[in-house]
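A.B. asks: Shown below is the structure under consideration.
In the numbering used here, the protein residues as written are 1274 to 1363.
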């Protein structure tokens, strides 16, 4: 799979909860490895992830280790409630 195929790919938390869409990739330049994704989420999802004040969309860095599988979409191992407080807002 090439990097451009990931951009705008749908991301689901476990239980097929819609999280958002991939907007960017996080790469470790020293190891030449993909370490995570930047996922853009809607306001209601951002609130569930612990963001208190926002007007539109928010972006979060999700580690590659949180991914369960990749196909037509990215499915995470964790639910939205499990992700809350464990991922970094960008």
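Where a beta carbon is used, it is the ideal one built from N, C-alpha and C, also for glycine.
1) In whole angstroms, give me the CA-to-CA distance for residue 1344 and residue 1326.
2) Would you mind stating whether residue 1339 and residue 1351 have Cβ atoms separated by less than 8 Å?
3) Note down, in chain order, each residue of its chain lying with its Cβ closer than 8 Å to the Cβ of residue 1288, except the 5 sequence neighbours on either side.
4) By a C-beta neighbour count over all protein chains shown, 10 Å radius and 16 as the cutoff for buried, is residue 1292 buried or exposed?
5) Alpha carbon to alpha carbon, what distance is there between residue 1301 and residue 1290?
6) Grouping DSSP H, G and I as helix and E and B as strand, with all else coil, what is residue 1310?
7) Take residue 1280 as the anchor and find which of 1356, 1347 and 1354 has the nearest alpha-carbon.
C.D. replies: On the basis of the coordinates in this document:
1) Computed Cα separation, rounded: 33 Å.
2) Contact flag set, yes.
3) Short of 8 Å from the beta carbon of residue 1288, and not among the five residues preceding or following it, lie these beta carbons of its own chain, in chain order: 1352.
4) Per the 10 Å Cβ criterion, buried.
5) Spanning the alpha carbons of residue 1290 and residue 1301 requires a straight line of approximately 28 Å.
6) In the structure shown, residue 1310 sits in a strand (DSSP, three-state: E or B).
7) Checked all of 1356, 1347 and 1354; the closest Cα to residue 1280 is 1347.
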